[in-house]
Every structure is written in C-alpha cells, then in structure tokens.
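Trainee: Input: one structure, supplied below.
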Amino acid sequence: VDRAVSDLERPLAGLRVLDLTRELRGAYCGRLLAEFGADVVLVEPLDGNPWRAVGPFADDTPHPERSLFFLHYYAGRKSVALDVGCAEGRAVLEALARGSDVLLHDLTPARATALGLDWAALAAAHPRLVIAAVTAFGETGPERELPGGDLIATAAGGLMALTGDPARAPLRPGGDQGEHITALHAALAIVAAVVDGDAGAPAARVDISAQEAVASVLENAMEFALFEDRAVARQNGRHPISWPGRVFPCRDGFVVISCGSAPQARACFTLVGDQATAADPVLDDRDVRRAHADQLEARLIARFADWDAEALFHAGQGLGIPIGLVHSARSLTEDPQLASYGFIRSVTHPEAGSYLDVGSPFRVDGRQPALGPAPALAAHTAEVLTAAGLDADARECLRRQGVIQ
Amino acid sequence: VRRARLLDGVDVVDVSTAFAGPYAGKLLADLGARVIHVETGDRLDIMRGYPPFGAPEGPDRSGSFASINRNKLGITLNLKTAGGRDVMARLVCRADVLLENYTPRVLPSLGFPWEHLARLNPRLVYCTMPGFGSSGPHRDYRSYGPTLEGQSGLAFMTGYEGEPPLRMGCSYPDMVGGVTAAFAIVAALRRRARTGRGALIEVPQQQAAAALTGIAVVQWTLTGRESGRAGNAHPWFVPHGVYRCAGDDHWVAVVVRDDAAWTRLAPLLGLGPMTHAARCARRDEIDAALGRFAAAEDRDALARRLQALGIEAYPVRTALELARDAHLAARRFIEPIDHPTLGPRAYAGPPWRLAGIDTAPHTPAPRLGEHTEGVLAALGYTPAEIAQLRTEGALR
C-alpha cells in the first residue's frame, strides 16, 4: 500500500512512454522520464538493443545483460523484443503506440519513414500522442539525415572547439556530455508538451537537435560570435574570464578553483601563506590578473605541492574560495556530501550482480526518486502485449512467426 | 525559432542570479511561461557585468545577460525591507513556480522558509538549486560551475591521455543545473495538474552534474577501472577521434561503430578488413593512418565524402562558424531580437521545434527594473503605494 501511494506521488506517474531509442541521447532521455515515475517500455530488435553488444562489460565478460552502457542508460525500463521490420511487427508497434502518451525515438526522418510507421495516421488516431525525435541534427534542414553520436554532436555543436589545448586536438569532454545535455533538453520539452496536453491542447511533434542542444550550453561563446563576430579560443582548461579558474595539481590529486572576485583571488595566496602576492595590486583587476596567469599560477602550484587535495578543499572553503575536489568515480562514491543525500544508488541485477550507479539529482518533497535496474531482453514482452490487448493465442502466433520474443 | 506557448499561463518568480538559475528561467520562458526575474539594484546580478557587451556602459549592456534573460519580465526589489518582502509575498501567492539559487540559509533568513511559502500558496512549485545541498556537511560551501566540474567527477574524465584533468571550455555544470531544474519543475507541474498540490523541489547542482558521469561509477564497481583521461578515444569504438585537416585549426571528427562502417573506411586508409578486436589492438596505427589521410584534405569536403560513404564524420565547428551555418540558418536556430539598449541582435536557441504548438515572438531581456511598476500594479498596488515603496527603498 505504501508503495502504491508513493508511486502516485511520483511526478510523472501514469505517463506511458514508448521508447524506440538506439542512441545514448534517446536512452538517457528515457531514463530521466523513468526516474520521475513514467512507465517506459523499450522496444528492442529480437537480438537486442545495439548497446547490449557494446563494452565494457561487467567483469569484462561480454554478455547482452552485462553491457555497462546498457545497464546504466536503459535502467528503469520494461523490455519488449519485437521485429518492427515486418507488417505484423509494425501492427504490434502501432498498438503499443495507441496505448502511449509519448513516443520517443532517435531516428532521422528517412529512417523513421523507412520504419514504415504511418506517422500521420498515428497522430490522427491518437491526437494527444507526443511524438519526440531526438536526433543529431534535427528533423529539418539540409543535414537532417546525418547520423552521429556524442563525438559528432560535440564537434558539430561547438563544444569540442572550446575544449583542450589550442595547439593540439580539440577535446571531447568525458562521459558523453553532448548526449546528456540533449536528453535533458528533450525531457524538458516532452514533459512541457505533456503538461500542455493535460490542459486539453493538441499534442506536439517535438524535434530536438543534439547539435543545437550543445550549442545552447557554450556559456557565452555563441554570444561572442553573435555580438562581436569573434571565436572564443580553446584555453587549455583555463576559464576565459575568471582567474584563477582551472584545475591545479596538489600532493595527492587535483583541485579546481574558480574565483570571480579580487578578494577570492587574494584568499588563494593567503591560503598558502604567500602574503606578498596576496597583497599585490596585480590581483585587483580581473583582466590584469588573467594577463599574469602563468607566473601567478606557478606560485600557487609550487605551494599546492605540499598540500593534500582534501585539506586544500576544506581550508580554501574556510576562506571563502570557490574550490572543489576533482573527484574520480571512486571518490564520488566516498564523498560525504553525496552520501548524506544517498545520491549513489545501489543496484542489484540478476546477471551483472550488485553495483553502484549515480542516482537522481532531484529531491521531490525530500525524497529521491527510485529507479529499477535495466531489463533483461524481452523480459516484459508478454506483460506489455497482454496489456495492449493481445491474448495468449495471438502472442504465441507472433512468436512462431518470429515477430516477438 | 519562436517562443512556444506550451507553458502559457504558468507564472514563474525567478529570484535567481548568475547562470544556473536564470538558465532554468530562460528555458521555462522559451516554453511560454511568464517569468518575472527579481533582481536587486543594490547588488547587481553578476551577469549584468559579464561579456560580451553590446553597449559602452550601464547595467543593460551585457549580451550574456540579454541572452539568458530573454522573454522574462524584470523587477527590482529589496528583500531586506518590509515593503520588499510584502511584494515578494504577493508574488508568491499568485505564482505557480518560485525558482531560486541562493545558498540554503538566505531565503529563510529573509522570512521565506519553505513552510511559510507553502502556507502562502499550497499550489506553489518551489525549486531550490543549492550548490551542494540544503543539508549535509558541505551545505555552506561555495560552488561555481567550474568547481562543480571537479566535484561532480566530470573533470577527471576530460583531458589528454596520460595528462592531468582539464576543465571543459564552458561552465557546463551551470547549464546542466538549469536544465535539470527546469525539467524537475515541469514534472512537478504535471503532478500538480493531477493532484492539485505544489511541491518542494531540490536540485543540488553537484548532483545534477555528477548524474552525468555516465557509466563511470558502474564501471568502477563492476570492473575496478576508473574512466580516466583518454583524449578523444572511446572505451569501445575504434577509430573515434578528430583528425587535423588542411587550414588553420581545422579538424574532422570520425567514428566507426561497426564492422560495416570500417569496411567502407578501410580502403581509403590502405588498410584491410578488421574485426572490432583487431581495430582495438591496432588503434594507434589506425589513428595514424587517418591522420595522414586527412592532413592535406579540405575539412568540409572530407566530411562530405565520408558521410556519403555512410561513415559518421563531421567538421569540428567553432561557435563563430555555427553563427554562419547554413543548416542552422535553415532551421532558424539563430534569430534577431530587438533590445532597447542593445538594438537588434541575433540570439541562439532553444534546441527544440514544436510542430502543432502556438508560438509568439521572443521579447528582449528586461532592462534593470523595467517592469517594476507594471508588475506591482498587476499585484494590486496603487500608484501612491508604489511611490511610497520606492521612497522606502523597497524597490531598489
């Protein structure tokens, strides 16, 4: 009973999402919707979603239920294995879509057409269905058919050109950020369309471009381009305006500092006992500080070599310096602040075993949303098809024809 | 792209400053919400002094501020005065959403703890986005976007192979916190539509960024390996990188995700068929071959040639190139907004198109205090009362 009550409390309780995604941006969008309580059904090919074949794998043992990408990005779904390449499979897909509020996919327009779904008929039969396409370049424009995952999105969206050493290759930020930022904007637009539908308005076709999502989060690089006709150069990890604003090595690891004011910059030198620099007028002005970055940073780096990161972090914060630890995955799992929120989530999976994963960054009325593990391939085919009105005989017939598994 | 009207009728009071909170407000405003940005003239929002600038001086010269606060109304209010708090209480009573990114003690110290806000308006969706959290051992610590790159685990994964961690080229956690908060707010609005009840939403920004470390924590616990710096290499796909072309800082990104794509690329490099395992074993050799292959080529022509072969490839674009990009122009990603101080200027975003949804033109970011009188009049204040509040310093 408690469980049922708390399920109703989840913001997206009752929202039915049909998930046809094959890229991480679509996959992460589905995970976000599932975290907030949506019922998300993943339709996989009979041999499984492509990420099931991508390593690394749990214990480095390749297996379709052990892909770390699949375990993380497809958590909280139900799995239906369905061959949508035949007429019978498409009929099942359309039946599933009729019972859904959101159809989430990441197919380019030509691939969506090739799938053979009658999108217009689908929209006509189900006027409140939100159809969301989360693609690399959007559904319109001359480059709409180009495929691409995270590297293409971060290259095309301007983030790589800003990241790394200007003398060397532009860098892709770690951990598929182009896909994540696209998924977040998509989830926002999709739920806004659903809220509008709740008010009785017609539903939307939502077209999200990964290139544009990346270009939307370049801090002010787009504004420099549009106001001053100027490209912001790569800064090798330095903040283009604040100083100090970079990662610093210390005795046992790294910290990152980002000072927005002269008092904060002075406090960095006070922290390490360099009173002469702390009092130097060179620190007064933001642009002057930054012009002397090399020599000023060298003084800090020399002194930080005597400090452990943890000690620097707490002492620096004590002086009001915006300073952060550079956490690894391991130290994230040991961070006392994250632990106080129960942010790191423990997952038990029948094939992959027990493991930790990052949790949800939302608290709703003080509670962290729950999220189930990634599904085994086809684990929910019978349950979902039964709910869509296909009885045991119909399902057996489809199984013998090789349409479902 | 015009402003959507999906959130028509949703009133948002945005008392946030700098980047993360205002970005959440911007996204809600782009979706059609009526967002009132509450500022104080005594201590200007730091974005009002953030480059680039479109006018020589004054609080309305910042292009960054204009971009992140478009489609909002702006009022100035001094919450340290009784009159300012009275205006705030009236705003909260009529609002659907209150958005703030102060440190945890600020709003309660001004007389607005959550319990009081919920009493004023039980339907209120209140979103707070502290750096670390409203509780926990680091609750009073400072954070900015760049420090959260470290604190979230993202910086650890970014950098050249064998070298120290690097910040990204933007204060990514700020925008992440903003879009995460906006998503949580609209989700809570959906629950309110179902139950009639508001919500207390907390989005600690450290957690919003740490949630985006992908498989790193899973990998640490299931393989014992960290996701350290690897340049542009991918843990599975080979090749996966950027390759220098002819021209000044011109690079093309190339990815092969399956054997079929490799079969199409390999002949161009003078290499033969290879399984995934063979490509992994010969990664350096393949990268070197791609590097030689690309070195003398025109970046855009090479990308088109590879795309035509069905290989994922794209030029590494700068923001300046995006501002002039034909594809984005065809999608009208960048459009002008006329601002009384900055004049007609082009602005980017949002990253969605919504067919079948009413839209409206964008409106420019508010000049400092531009809508104070109008908003107060709509709250029921008479001109004499507004003049009195101004005399008391409540509207600074």
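Protein chains in written order, with the working numbering: chain H, 2 to 406; chain S, 618 to 1013.
Glycine included, each C-beta is placed from N, C-alpha and C at the ideal position.
Does the Cβ of P57 of chain H have 16 or more other Cβ atoms within 10 Å, making it buried, or fewer, making it exposed?
Mentor: Answer is buried; the Cβ neighbour count reaches 16.
Trainee: Would you identify the three-state DSSP class for T1008 of chain S, choosing helix, strand or coil?
Mentor: Helix at T1008 of chain S.
Trainee: Drop a sphere of 10 angstroms on the beta-carbon of D3 of chain H, count the other beta-carbons inside from all chains shown, and report buried for 16 or more, exposed for fewer.
Mentor: The predicted position of D3 of chain H is uncertain, since its pLDDT is 41 and thus under 50; a value taken from the coordinates is nonetheless stated next. Classification of D3 of chain H: exposed, given that the 10 Å Cβ count is below 16.
Trainee: Do you know whose CA, among H:A184, H:A124, H:Q318, H:D197, lies nearest S101 of chain H's CA?
Mentor: Nearest option by C-alpha distance: H:A124.
Trainee: One question on the structure: do L105 of chain H and L19 of chain H come within less than 9 Å of each other, judged by their Cβ atoms?
Mentor: Closer than 9 Å, so yes.
Trainee: Note down, in chain order, every chain H residue with its Cβ under 7 Å from the Cβ of T838 of chain S.
Mentor: What T838 of chain S touches in chain H: Y356, L357.
Trainee: Give a yes or no on whether the minimum CB-CB distance between R400 of chain H and chain S is below 9 Å.
Mentor: Chain S, which has no Cβ nearer than 9 Å to the Cβ of R400 of chain H, makes this no.
Trainee: Hey, how far is the Cα of I653 of chain S from the Cα of A827 of chain S?
Mentor: Approximately 30 Å between the Cα atoms of the pair.
Trainee: Can you tell me whether T183 of chain H is buried or exposed, with buried defined as 16 or more other CB within 10 angstroms of its CB?
Mentor: T183 of chain H should be labelled buried.
Trainee: Is DSSP giving I242 of chain H helix, strand or coil here?
Mentor: The answer is coil: DSSP assigns I242 of chain H none of H, G, I, E or B.
Trainee: Go ahead and label V859 of chain S buried or exposed: buried means 16 or more other beta carbons lie within 10 angstroms of its beta carbon, across all protein chains shown.
Mentor: It is buried - the Cβ of V859 of chain S has at least 16 other Cβ atoms within 10 Å.
Trainee: So is R941 of chain S buried or exposed if we call it buried at 16+ other beta carbons inside 10 Å?
Mentor: The residue is exposed, with fewer than 16 neighbouring Cβ atoms inside 10 Å.
Trainee: Pop quiz: V248 of chain H and G238 of chain H are said to be a contact at Cβ under 8 Å. What is the actual Cβ separation, rounded to whole angstroms?
Mentor: Sure, about 6 Å apart at Cβ, within 8 Å.
Trainee: Using 9 Å as the limit for Cβ to Cβ distance, is Q276 of chain H near chain S?
Mentor: Closer than 9 Å: no.
Trainee: Looking at chain H, which residues of the stretch 710-742 of chain S have a Cβ within less than 8 Å of any of its Cβ atoms?
Mentor: Listed by position along the chain: nothing, the set is empty.
Trainee: Identify every run of the beta strand (DSSP E) within the stretch 850-934 of chain S, keeping only runs that are complete inside it and at least 3 residues long; order them along the chain.
Mentor: Whole beta strand (DSSP E) segments, 3+ residues: 857-861, 868-872, 929-932.
Trainee: Counting C-beta neighbours from all protein chains within 10 Å, is the total for A5 of chain H 16 or more, i.e. buried, or is it exposed?
Mentor: Low confidence applies to A5 of chain H: its pLDDT is 46, below 50, so where it sits in the model is not reliable enough to give any reading.
Trainee: Taking contact to mean 3 or more Cβ pairs, one atom from each stretch, closer than 8 Å, check whether the stretch 896-911 of chain S and the stretch 847-856 of chain S are in contact.
Mentor: In short, these stretches touch, since the Cβ pair count reaches three.
Trainee: Going by alpha carbons, who is nearest to P790 of chain S out of S:A650, S:P1000, S:A635?
Mentor: Comparing Cα positions, the closest option is S:A635.
Trainee: Between G1 of chain H and Q265 of chain H, which are expected to be in contact by the criterion C-beta below 8 Å, what is the C-beta distance as a whole number of angstroms?
Mentor: Here chain H comprises residues numbered 2 to 406, so residue 1 of chain H is not present and cannot be evaluated.
Trainee: Specify the secondary structure class of Y719 of chain S as computed by DSSP and reduced to three states.
Mentor: Correct three-state label for Y719 of chain S: coil.
Trainee: DSSP on L741 of chain S, reduced to helix/strand/coil?
Mentor: Residue state, collapsed to three classes: coil.
Trainee: Hey, is W969 of chain S's beta-carbon within less than 9 Å of any beta-carbon in chain H?
Mentor: Taking Cβ atoms only, chain H reaches closer than 9 Å to W969 of chain S, which makes this a yes.
Trainee: Since D703 of chain S is in the alpha helix (DSSP H), which residue starts that stretch and which ends it?
Mentor: Here the alpha helix (DSSP H) through D703 of chain S covers 699-711.
Trainee: Are the C-beta atoms of A847 of chain S and some chain H residue less than 9 Å apart?
Mentor: With 9 Å as the cut-off, A847 of chain S counts as an interface residue toward chain H.
Trainee: Can you give, in chain order, each stretch of the alpha helix (DSSP H) that sits fully within the stretch 279-350 of chain H and has at least 4 residues?
Mentor: If we require 4 residues or more, the alpha helix (DSSP H) runs fully inside the stretch 279-350 of chain H come out as 287-292, 294-305, 310-319, 330-334, 337-341.
Trainee: Could you spell out where the alpha helix (DSSP H) holding P639 of chain S opens and where it closes?
Mentor: That run of the alpha helix (DSSP H) goes 637-647.
Trainee: What residue range does the alpha helix (DSSP H) around F225 of chain H cover?
Mentor: It spans 222-229 - the alpha helix (DSSP H) in which F225 of chain H sits, taken as one unbroken run.
Trainee: Between S:A936, S:P967, S:P981, S:W969, which has its C-alpha nearest G960 of chain S's C-alpha?
Mentor: Ranking S:A936, S:P967, S:P981, S:W969 by Cα distance to G960 of chain S puts S:P981 first.
Trainee: Short of 6 Å in beta carbon distance, which residues of its chain neighbour G254 of chain H, apart from the five on each side in sequence? Order them along the chain.
Mentor: Around G254 of chain H: A310.
Trainee: Could you tell me the alpha carbon to alpha carbon distance between A699 of chain S and G728 of chain S, rounded to whole angstroms?
Mentor: Taking the straight line joining both Cα atoms gives about 10 Å.
Trainee: May I ask you to report which of helix, strand or coil DSSP gives T382 of chain H?
Mentor: The answer is helix: DSSP assigns T382 of chain H an H, G or I state.
Trainee: Of all the residues that make up the stretch 284-306 of chain H, which are near chain S by a beta-carbon distance shorter than 7 Å?
Mentor: Flagged: no residues at all.
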